[in-house]
Amino acid sequence: MSLLEIRNLRIEFDTAKGPFRALDGVDYTVDAGEVLAIVGESGSGKSVAMLATMGLLPDSATITADKMDFEGKDLRTLSTRARRKVIGKDISMIFQEPIASLNPCFTVGFQLGETLKTHTSLRGRQVKDRVIELLTSVGIPDPEGRIDAFPHQMSGGQCQRVMIAMAIACAPKLLIADEPTTALDVTIQKQILDLLVQLQQDSGMGLIMITHDMGVVAETADRVIVQYKGRKMEEADVLSLFESPQNPYTQALLSALPENATGNRLPTVSDFAEAGGF
Amino acid sequence: MPDDVILKVRDLYRTYEISGGMFKKGSTLTAVKGVSFDVKRGSTLAVVGESGCGKSTLARMLTMIDAQSSGSIEIDGLSMDIAKTGISKEMRQKVQIVFQNPYGSLNPRQKIGHVLEEPLLLNTDMPAAERRDLALQMLEKVGLQPEHYGRYPHMFSGGQRQRVAIARAIMLQPKLLVLDEPVSALDLSVQAQILNLLADLQDEMGLTYVFISHDLSVVRYLADKVMVMYFGEVVEYGTRDEVFENPRHDYTKTLFAATPRADAESIRKRLAAKVA
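Top to bottom, those sequences are chains U and R. Note that this note's numbering has the first sequence beginning at 48, numbered continuously upward. Note that this note's numbering has the second sequence beginning at 184, numbered continuously upward.
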């Protein structure tokens, strides 16, 4: 049984001009211990699919799916209360802007502790110990001293480490990372990606990486889903995707990478659009 | 042309005073420490470094947004020291800048036509009809349509806005264009379009670029020379091939090692390491 299995997911938003379909019948499956990358440009529906899974979309969104199972539990019919038990504990998510994702008014130690108090039976001293343990595991130097630090006293990379610590606090079975390194420097990106992959391998959780960066895909993924305008273009394991992309859009995307440039001009996706007909 | 060096920077410093509080003493932060380089006419210099290394401060000084603390900047034979001499219209016409975020760098209440005409309005005494013609020509040159003239920035996508920002920057026919991370906010396919546009404009107008970026694959694609900055200092400076093939400074090596590789060979290696 897959960890997460979604069949034929459709998401529509009500707008003044009528419904807008952000996602049009896409399937997702993730197994435990697997790294799935979802790649696409802005507007491809890559984030919206995972936000729907987490139940984080606003009321203006209409979500339909033939199947939406997490460990055999149907996420569609779960009550809000039951859903709260799954979300944040068994499935957790980290976002693109680490500094904006943390509350500036509370210390990072408090915010981490809050997650633990909500989802576990740890209290008092135990919470503090676990927070220090978590901060150590994500590589924050001097964790005892840093639990009293506010987010603005930390760098972007450190805030992202805190976010990761918060996401893995309850040993989730599935971690969704939505562009976790886009706002960070290359050297820090490398550290964060290494950390995520390390944690994933140690704990055997499933990891979904949402990204637009082919480099990040190549460095982390086992399997890749390529999306464009709310549709799935291609699904393949990472090596075959890069070696022999089948879909014209994937081919276009890979040849638009500056490192694959031959000659003076970069091919753009629109060059392929006419030939490929997507 | 006797001297084809268009930008000459010597021993450039920029310091910022950090004011102290009631219990804290003020201190001095040196953002750029003694930077020197030359850029040849029609070539591209890429400036690489992480956030806080002083690359944007350098861009601000080159484009006269900030004055240097000491040192000299010479653009096309014209010495720039705005703290002493102020800014003349002549200086404005030599150098222009394109910023990273095309959503933040255009005034939401200004029509695209006005965005493009404003540099002419401020720096030349061209009549209105001529300005309009030039703006329309420029729209076409950067791959937009004449009907975009009367539209507002919110009606455009990120890539189109960046085209507008580039069009605005070249309205005055500058010699030097400073591009501060012009493609990092854009999608991969749009990035390719903008890079192609920049290459076309360089050929057509003989522009010189100072291209600030943290993306090494983009730098490798378009730079003639590469300068790596680290904590306000230049740690590596050379032609693209010298720097990429034989990086000397530790920081440059770290940077290369950290850049994700998107080729099948590296993926195979990673997967093999994972199984083991």
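Think of the CB as a built atom: it goes at the ideal place given N, C-alpha and C, for glycine as much as any other residue.
With distance defined between alpha-carbon atoms, name the residue in the options nearest to residue i.
| i | options | result |
| --- | --- | --- |
| residue 405 of chain R | R:391, R:415 and R:414 | R:391 |
| residue 470 of chain R | R:307, R:302, R:349 and R:305 | In the structure as shown, chain R starts at 184 and stops at 459, and residue 470 of chain R therefore has no counterpart that could be examined. |
| residue 53 of chain U | U:113, U:300, U:83 and U:127 | U:113 |
| residue 276 of chain R | R:288, R:301, R:295 and R:291 | R:301 |
| residue 155 of chain U | U:182, U:268 and U:226 | U:182 |
| residue 195 of chain U | U:51, U:159 and U:186 | U:159 |
| residue 227 of chain R | R:440, R:358, R:455 and R:271 | R:358 |
| residue 235 of chain R | R:436, R:411 and R:426 | R:411 |
| residue 303 of chain R | R:261, R:258, R:347 and R:355 | R:355 |
| residue 312 of chain U | R:398, R:377 and R:389 | R:377 |
| residue 227 of chain U | U:98, U:240, U:138 and U:253 | U:240 |
| residue 254 of chain U | U:148, U:173 and U:271 | U:271 |
| residue 343 of chain U | U:202, U:165, U:125 and U:157 | Here chain U has residues from 48 to 325 only, and residue 343 of chain U is not among them. |
| residue 180 of chain U | U:214, U:171 and U:191 | U:191 |
| residue 232 of chain R | R:453, R:449, R:333 and R:432 | R:432 |
| residue 251 of chain U | U:292, U:106 and U:137 | U:137 |
| residue 204 of chain U | U:230, U:214, U:221 and U:92 | U:230 |
| residue 48 of chain U | U:116, U:259, U:291 and U:206 | U:116 |
Go ahead and pull the three-state DSSP assignment for residue i.
| i | result |
| --- | --- |
| residue 328 of chain R | coil |
| residue 162 of chain U | helix |
| residue 68 of chain U | strand |
| residue 132 of chain U | helix |
| residue 184 of chain R | Bear in mind that a pLDDT of 49 at residue 184 of chain R, under 50, signals an unreliable position, so the model cannot answer this. |
| residue 116 of chain U | strand |
| residue 253 of chain U | strand |
| residue 366 of chain R | coil |
| residue 293 of chain U | coil |
| residue 205 of chain R | coil |
| residue 273 of chain R | helix |
| residue 233 of chain U | helix |
| residue 148 of chain U | helix |
| residue 335 of chain R | coil |
| residue 421 of chain R | strand |
| residue 411 of chain R | strand |
| residue 221 of chain U | strand |
| residue 248 of chain U | helix |
| residue 193 of chain R | strand |
| residue 262 of chain U | helix |
| residue 184 of chain U | helix |
| residue 456 of chain R | helix |
Whose C-beta lies closer than 7 Å to the C-beta of residue i among residues of the same chain, with five residues either side of it excluded?
| i | result |
| --- | --- |
| residue 196 of chain R | 213, 215, 216, 217, 251, 252, 253 and 254 |
| residue 373 of chain R | 341 and 342 |
| residue 398 of chain R | 367 |
| residue 262 of chain R | 255 |
Could you name the residues of the same chain whose beta carbon sits closer than 6 Å to that of residue i, not counting the 5 residues immediately before and after it, in chain order?
| i | result |
| --- | --- |
| residue 333 of chain U | No answer is possible for residue 333 of chain U: the residues shown for chain U start at 48 and end at 325. |
| residue 265 of chain R | 247 and 250 |
| residue 185 of chain R | Only weak support is given to the placement of residue 185 of chain R: the predicted model assigns it a pLDDT of 47, under 50, and the value that follows is read from those uncertain coordinates. No residues qualify anywhere along the chain. |
| residue 394 of chain R | 227, 229 and 362 |
| residue 111 of chain U | 57 |
| residue 318 of chain R | 296, 299 and 300 |
| residue 213 of chain U | 159 and 162 |
| residue 98 of chain U | 104 |
| residue 109 of chain U | 59 |
| residue 272 of chain R | 306 |
| residue 218 of chain U | none |
Under 8 Å Cβ to Cβ from residue i, same chain only, skipping five residues before and after it: list those, please.
| i | result |
| --- | --- |
| residue 130 of chain U | 102 and 122 |
Closer than 8 Å by beta-carbon distance: list the chain B residues that pair up with residue i, in chain order.
| i | result |
| --- | --- |
| residue 385 of chain R | No chain B appears in this structure, whose protein chains are U and R. |
Compute the distance between the beta-carbons of residue i and residue j, then report whether it is under 8 Å.
| i | j | result |
| --- | --- | --- |
| residue 265 of chain U | residue 375 of chain R | no |
| residue 352 of chain R | residue 279 of chain R | yes |
| residue 50 of chain U | residue 71 of chain U | no |
| residue 443 of chain R | residue 87 of chain U | no |
| residue 84 of chain U | residue 268 of chain U | yes |
| residue 364 of chain R | residue 396 of chain R | yes |
| residue 305 of chain U | residue 409 of chain R | no |
| residue 146 of chain U | residue 198 of chain U | yes |
| residue 438 of chain R | residue 233 of chain U | yes |
| residue 286 of chain R | residue 344 of chain R | yes |
| residue 289 of chain U | residue 445 of chain R | yes |
| residue 285 of chain U | residue 450 of chain R | yes |
| residue 90 of chain U | residue 276 of chain U | yes |
Task: Under 8 Å (Cβ pairs) to chain R, residues found in the stretch 78–96 of chain U - done: Hits within the stretch, in order: 88 and 89.
Task: Members of the stretch 394–406 of chain R near chain U, C-beta cut-off 9 Å - done: 397, 398, 399, 400, 401, 402, 403, 404 and 405
TODO: Could you list the residues in the stretch 232–263 of chain R with a C-beta less than 7 Å from some C-beta on chain U, going in chain order?
DONE: 233 and 234
Task: chain R contacts from the stretch 276–299 of chain U (Cβ-Cβ distance under 8 Å) - done: 285, 286, 289, 290 and 299
- [ ] Using a Cβ-Cβ cut-off of less than 9 Å, list which residues of the stretch 258–292 of chain R approach chain U; keep chain order.
- [x] none
TODO: Taking a Cβ distance cut-off of 7 Å, strictly less, list which residues of the stretch 360–384 of chain R are near chain U, in chain order.
DONE: When CB distances to chain U are screened at a threshold of 7 Å, the residues of the stretch 360–384 of chain R falling below it are 370, 371, 372, 375, 376, 378, 379 and 382, in chain order.
Task: Residues from the stretch 252–267 of chain U in contact with chain R, defined by Cβ distance under 9 Å - done: So the close ones are 259, 260, 261, 262, 263, 264, 265, 266 and 267.
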